[in-house]
Structure formats: C-alpha cells, structure tokens
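The sequence shown begins at 2 in the working numbering and counts up by one.
Since the structure comes first, as structure tokens, the remarks are kept for the end.
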Amino acid sequence: MSESLSGQREISVPRHIAIIMDGNGRWAEAQGKPRVVGHRAGVRSVREVVRLCRESGVDALTLFAFSSENWRRPEREVALLMRLFITVLRREVKMLQKNNVRLKVIGDITMFEPKLQQRIQEAEARTADCTGLALNVAANYGGRWDIAQACRQAARKVQRGDCSVAAIDEAMLQGLMSLSELPEVDLLIRTGGEQRISNFLLWQCAYSELFFSDVLWPDFGDDAFAEAIEAFSSRQRRFGQTGAQVSQTG
Ligand code: FPP
Numbered sequence: 002m003s004e005s006l007s008g009q010r011e012i013s014v015p016r017h018i019a020i021i022m023d024g025n026g027r028w029a030e031a032q033g034k035p036r037v038v039g040h041r042a043g044v045r046s047v048r049e050v051v052r053l054c055r056e057s058g059v060d061a062l063t064l065f066a067f068s069s070e071n072w073r074r075p076e077r078e079v080a081l082l083m084r085l086f087i088t089v090l091r092r093e094v095k096m097l098q099k100n101n102v103r104l105k106v107i108g109d110i111t112m113f114e115p116k117l118q119q120r121i122q123e124a125e126a127r128t129a130d131c132t133g134l135a136l137n138v139a140a141n142y143g144g145r146w147d148i149a150q151a152c153r154q155a156a157r158k159v160q161r162g163d164c165s166v167a168a169i170d171e172a173m174l175q176g177l178m179s180l181s182e183l184p185e186v187d188l189l190i191r192t193g194g195e196q197r198i199s200n201f202l203l204w205q206c207a208y209s210e211l212f213f214s215d216v217l218w219p220d221f222g223d224d225a226f227a228e229a230i231e232a233f234s235s236r237q238r239r240f241g242q243t244g245a246q247v248s249q250t251g
C-alpha cells in the first residue's frame, strides 16, 4: 500500500486472482428455482469478473468450475452442469478472442464426455494466440490431484535417468504443477459465505491472501470485486519476513 503525490492511497492490483465460485445452488433455491438456474446465473458473473479483471489490469484469473469431488452431486445436476459447460464454451469463445483472453482448462479432463473434451480443446486452440488476460478454468480439478500429477512426472524423469531423486526439489515440482507459467496466486476469493479452500490450488495458494465474501456467486459484480481488491490492497504481504523488514524495503 502506498500514497500517491495527491495524497490518495494507491490501490495495488493482484496479478493473479483465483475464485471459488460458491453459492449458485442457494441463490436459485432462495427463489424456489432448480439449482441449475443458479449455475446459469453464475455464468453471467463469470462474464462480469472477466471484464473486471481485464479492466483492472489483472494478468491471470483462475476459476473453480468443477472439483474432483463434484461428481458426488446428484446425477442430474452433474449432467446439467456438463451441458452448461459445453454451451458456454461454444457461445463465449468468440467473445474471448475479441477481448484477447487466452483460455486454458486445468484438471483431469479425460473423465469428461468426448464432446466436452473436444469443445475444451477447440476453445483453447482458438484463443491460444491471445496475449491479454490468462483465463484458467479448473474442471475436474483438485489441488491434491495436481500435486500427485507433478510427482508422477518427476518420478518419470528419474525413471528415464533424466535426473536424480535428490534433484526433485520445490523448484522442479513448481515447474510441473498446473499454471507453472503464471505468477503465483496473489488473491484467493471464495464467495457464498463458507471459509475453506476445498482442495483448490493447494500448492499455488501457499502465499495467497484469502478473501471470503458472503455474496452468493450469481450476485458477484462490481461492488463485491472492488471490496475484494480493496481488502487485498490493504494487506501487508510479508512472505515470512517481519512487518518492519517489509516496511523498510517498501
Ligand atoms: C458452486 O455453487 C458452483 C459450481 C459447482 C459450478 C460453477 C459453475 C459455473 C459458475 C458455471 C460455468 C462456469 C464456467 C467457467 C464455464 P454450489 O452449487 O456449490 O452452490 P451452493 O453452495 O449454494 O449449493
């Protein structure tokens, strides 16, 4: 946090924001509607937050769309969510291209039906050359899955004789984790009033600031976003140092 010449506090914008978009079901149920109505309304908030990130100069946005645990939901809700993902990918890809947004899906997508896998690959390919906001959608993703897949890759390197066991360190694993090409997550937002990480980006959030909002995801817009950025901006990020050390180095 710093003061500008005019005496106004400058807002520091996170380079990478991750969001657990919670509360769709409750939003719909509160109106006596099926839960899928909440998921559809949640897509509007996704569009809004992509716009807000672009306008604020955020480099990367990572959204938790479907966790590896979400398969436990009622079969009908899972099927409707899959259909929604297919529709959204087809419908939004032009808008992403137009706005220079690069889409990437992280997670084990081999579990999805072939049509959805194909849509994901098409959307990624069509936006691959975009140089603006990096939009990552976590689908069939789990933080523990991510760490395990990185370890498997490291083990294969050892098996092939490319490196020794002793060479497996944090830097190597970091390079093998999802999103390794991006800055680490600065700010993790969870909407919907719960305060937990739910096996999201466990490795990548090691030093993230956490912001929990009571707003249900379909209601997340300008005000809630501004509140999260303001809260982030007022935090002192110490990365293990003391407050005095951080103040000295600015
Ligand atoms: C959590 O709310 C939300 C989900 C599991 C689905 C999120 C999906 C979207 C917003 C739609 C599309 C997104 C993309 C990026 C394609 P919940 O159902 O757990 O809500 P509850 O806690 O109120 O039950």
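Ideal Cβ positions, reconstructed from N, Cα and C, are used throughout, including at glycine.
Just so we're clear, the structure is a prediction, and the values are computed from it rather than from any experiment.
Asked	Found
Cutoff 6 Å; reference Q118; Cβ partners in own chain excluding five residues on either side	I110
Spatial neighbours of R197 in its chain, beta-carbon cut-off 8 Å, leaving aside the 5 residues before and after	R191
Candidates I169, G24, M112, R41, of which the one nearest C152 by Cα	I169
C-alpha distance - R16 paired with E210, whole-angstrom precision	12 Å
Where F233 falls: helix, strand or coil (DSSP)	helix
CA-to-CA distance, E76 to R45, given in whole angstroms	24 Å
Assigned exposure category for Y142 - 16 Cβ within 10 Å defines buried	buried
Any non-hydrogen atom of the ligand FPP within 7 Å of R36 CB	yes
Proximity of V138 and V106 at Cβ, strictly below 8 Å	yes
Backbone CA spacing between S258 and P184 [nearest angstrom]	The first residue shown for the chain is 2 and the last is 251, placing residue 258 beyond what the model contains.
Cα-Cα separation between H40 and M83, rounded to whole angstroms	11 Å
Any non-hydrogen atom of the ligand FPP closer than 7 Å to M22 Cβ	yes
Proximity test, G43 beta-carbon vs the ligand ATP heavy atom, cut-off 7 Å	Although the ligand ATP was asked about, the structure shown includes only the ligand FPP as ligands.
F213 (DSSP reduced to helix, strand or coil)	strand
Helix, strand or coil at E70 [DSSP, three-state]	coil
Inter-residue Cα distance where the pair is R161 and Q154	11 Å
Given 8 Å, three or more beta-carbon pairs between the segment 43 to 59 and the segment 208 to 223	yes
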